[in-house]
Amino acid sequence: MSIQIIPAILSQTEEQFKQDIEKFSHSKLASLGWIHIDFMDDILVPNKSISPQVVKKYPINVKKEAHLMVAYPLKWAEKLAKAGFNRVIFHLEARDNPIQMIKTVRARRMEVGIAINMDTSLEKLEPLIKYTDEVLVMAITPGFQGQPFIPESITRIKKIKSMGWKVQIGVDGAVRDNNAKQLAQAGADRLTIGSFLIKENSDRNLEVIMKALNL
Ligand code: DX5
Ligand code: ZN
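Residue numbers (the UniProt record's numbering): 1 to 215.
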């Protein structure tokens, strides 16, 4: 079982981003190699975030993935590329054409992931799966950190795993020490973790998660 832990930052203001990124950089989280940065437009989800231009102002020495919880992701691709992102994850529930989005992201040499909400049917993923690198299973209703875990996401990960698709399976939302192992056993390759690592004692909780995963 090889599993990757990706810390997640969700910031509404530049000030908050600065604080979180500082905490991240000075902790062991930076040694994990990747960071997940959440973006929101107040349309697809009822919350708004900083822009990619803010991220660009604070260089960090890890790879960056963008989680676009936005209705119109197409117009974000260029800005994300300019801000040095390595992977872009957009929502299956977004309103732009997904194939066009995938092509636009790939043209800028970034990896592509597709996030799917719990109330969206997995069948909708099928025609897109061969063009994507990752499926990101949402284990919460997206928009905020620190929400309760939806246990059905475990069944969903198992189902995706059983499809034999050649994609990485990520999970995002309310991942912590009490469900990490179960999510990994269900088939998740990547655990995206926000508040448990960023809003609490980062170094201690990273250790707790590693222990829970027997790493
Ligand atoms: C939620 C975001 C998540 C969030 C995770 O809308 O997409 O990435 O930052 O935070 P926790 O782990 O606190 O749910
Ligand atoms: Zn996210």
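Note that the Cβ used here is the ideal one computed from N, Cα and C, for glycine as well.
Who are the Cβ neighbours of F17 in its own chain at under 8 Å, not counting the five residues just before and after it? Taking the first residue of the sequence shown as 1, we reach residue 17 at position 17. So the qualifying residues of the chain are I9, S11, I50, V54, V55, Y58.
Can you say whether E126 is buried or exposed, counting buried as having 16 or more other CB atoms within 10 angstroms of its CB? Your numbering for residue 126 matches position 126 in the sequence shown. E126 should be labelled exposed.
Exposed or buried, which one is residue 216 when buried takes at least 16 other CB atoms within 10 Å? Any answer about residue 216 is impossible in this case: the structure gives the chain only from 1 up to 215.
Name the residue from M40, D119, P46, N61 whose alpha carbon lies nearest to the alpha carbon of P52. Locating residue 52 in the sequence shown gives position 52, where the first residue counts as 1. Per the Cα distances, M40.
From the DSSP output, read off the bridge partner residues of M138. Taking the first residue of the sequence shown as position 1, residue 138 is located at position 138. Bridge partners of M138: D172.
Between the stretch 134-142 and the stretch 161-173, are three or more C-beta pairs nearer than 8 Å? yes
Please classify W165: does DSSP put it in a helix, a strand, or coil? Along the sequence shown, one-based indexing puts residue 165 at 165. W165 falls in the coil class under three-state DSSP.
G170 Cβ short of 7 Å to ligand 1 heavy atom set: Here residue 170 corresponds to residue number 170 of the sequence shown, with the count starting at 1. Checking the Cβ of G170 against ligand 1 gives no.
Between which two residues does the beta strand (DSSP E) harbouring R109 extend? Your numbering for residue 109 matches position 109 in the sequence shown. R109 -> no beta strand (DSSP E), and no H or E assigned at all.
Can you check which of these residues, E134, N117, A83, is closest to I102 by C-alpha distance? By 1-based counting over the sequence shown, the position of residue 102 is 102. For the residues E134, N117, A83, the minimum Cα distance to I102 belongs to E134.
How close, in whole Å, do the beta carbons of L68 and F90 come, if the pair is a contact with beta carbons under 8 Å? Along the sequence shown, read from residue 1 onward, the residue named residue 68 stands at position 68. Along the sequence shown, read from residue 1 onward, the residue named residue 90 stands at position 90. Contact flag correct, Cβ pair sits at about 5 Å.
Residue range of the alpha helix (DSSP H) that includes Q19: The residue given as residue 19 occupies position 19 in the sequence shown. It spans 14-25 - the alpha helix (DSSP H) in which Q19 sits, taken as one unbroken run.
Hey, is A8 close to ligand 2, as in C-beta under 7 Å from one of its heavy atoms? Position 8 of the sequence shown, counted from the start, is the residue given in the question as residue 8. Yes, the beta carbon of A8 sits closer than 7 Å to at least one heavy atom of ligand 2.
Within the same chain, show all residues whose beta-carbon is closer than 8 Å to that of A83, passing over the 5 residues directly before and after it, in chain order. Here residue 83 refers to the residue found at position 83 of the sequence shown. Around A83: P52, Q53, V55, K56, K64.
Using alpha carbons as the reference points, say which of A81, Q168, Q147, N201 lies closest to A184. As a first step, residue 184 must be located in the sequence shown, where it is residue number 184. Among A81, Q168, Q147, N201, the Cα nearest to that of A184 is on Q168.
Could you name each continuous alpha helix (DSSP H) segment of 4 residues or more that falls completely within the stretch 22-103, going from the start of the chain to the end? 52-57, 77-82
By the DSSP assignment, the alpha helix (DSSP H) with L197 in it spans what residues? The residue you call residue 197 lines up with position 197 of the sequence shown. First-last of the alpha helix (DSSP H) with L197: 195-198.
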